[in-house]
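To start, the structure itself, in C-alpha cells.
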Amino acid sequence: MKTIDFVRRHVERLERNGRFSLQKGFIQHGVCSVYDHSVQVAVLSVSLTRCLRLPVNYNILVRAALLHDYFLYDWHLPHGKLHGFFHPRVALENARKDFLLSIREENTILRHMFPLTPIPPKFLEGWIVCICDKICAIREVFKRKVHN
Numbered sequence: 001m002k003t004i005d006f007v008r009r010h011v012e013r014l015e016r017n018g019r020f021s022l023q024k025g026f027i028q029h030g031v032c033s034v035y036d037h038s039v040q041v042a043v044l045s046v047s048l049t050r051c052l053r054l055p056v057n058y059n060i061l062v063r064a065a066l067l068h069d070y071f072l073y074d075w076h077l078p079h080g081k082l083h084g085f086f087h088p089r090v091a092l093e094n095a096r097k098d099f100l101l102s103i104r105e106e107n108t109i110l111r112h113m114f115p116l117t118p119i120p121p122k123f124l125e126g127w128i129v130c131i132c133d134k135i136c137a138i139r140e141v142f143k144r145k146v147h148n
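Written out as C-alpha cells, the structure reads:
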C-alpha cells in the first residue's frame with residue numbers, strides 16, 4: 001500500500017472517532033495548519049522508516065505521528081505557559097480523551113519535543129516522530145520565509 005493511502009486510512013479513523021479535523025483551524029508554522037503538519041510528519045515517518053527498513057509497528061507510528069500535536073488550541077495566542085514545553089502533555093491528554101492509546105503512542109506524543117523537553121523517547125517510533133517533526137517544522141518555517 002502506498003504511504004499516503006496508509007496514512008489517509010488512519011486520518012479517516014481519527015476524524016470519525018475524535019476531534020482530529022479541528023486541527024485544520026489552527027496554524028502550526030507559517031501558513032501550515034496543525035492538521036497538515038501532523039499528516040506530513042506521519043507521511044515522512046513512514047517513508048523514512050520504510051527506506052531504512054526499521055523494525056516498527058507502522059500503525060503505532062502513524063497514529064502517534066498524527067496525534068503528536070493534538071493540543072487543539074491556537075498556540076500563537078498567550079496562554080501563560082511556554083507552548084514548546086507544555087503542549088506535549090496537552091496533546092496526550094486530548095488524545096486520551098478521544099482514543100484508546102498504546103504505551104508506545106503515549107510515550108511518542110509526550111516525548112516528541114526532545115531535546116527541548118529533557119526526557120527522550122523510549123521507543124523507536126518516538127525517535128522517528130521526534131526527528132520527522134523537526135524536519136517538517138524546518139521545512140514549513142523556511143518555506144514561509146522563501147515565499148514572503
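Letter by letter, the sequence shown follows residues 1 to 148 in the UniProt record's numbering. For every residue, glycine included, the Cβ atom is placed at its ideal position computed from N, Cα and C.
Can you grab the Cα-Cα spacing for the pair residue i / residue j, in whole Å?
| i | j | result |
| --- | --- | --- |
| Leu124 | Arg53 | 12 Å |
| Gln23 | Asn17 | 14 Å |
| Pro115 | Trp127 | 11 Å |
| Lys134 | Arg8 | 21 Å |
| Trp103 | Asn57 | Looking at the sequence shown, residue 103 is not Trp but Ile. Using only the alpha carbons, I get a separation of about 12 Å. |
| Val90 | Pro55 | 29 Å |
Does residue i come out as helix, strand or coil in the three-state DSSP assignment?
| i | result |
| --- | --- |
| Ser102 | coil |
| Ile27 | strand |
Measuring alpha carbon to alpha carbon, tell me which of the options ends up nearest residue i.
| i | options | result |
| --- | --- | --- |
| Leu122 | Phe26, Cys136, Asn107 and Cys132 | Here residue 122 is Lys; the residue named in the question, Leu, does not match the sequence. The shortest C-alpha separation from Lys122 is found at Asn107. |
| Leu67 | His112, His29 and Glu140 | His112 |
| Val129 | Val39, Asp5 and Ile27 | Val39 |
For residue i versus residue j, is the C-beta spacing smaller than 8 Å?
| i | j | result |
| --- | --- | --- |
| Thr117 | Ser47 | no |
Within the 8 Å Cβ cut-off, does residue i reach chain C?
| i | result |
| --- | --- |
| Ser47 | Looking for chain C here will not work: only one protein chain is present. |
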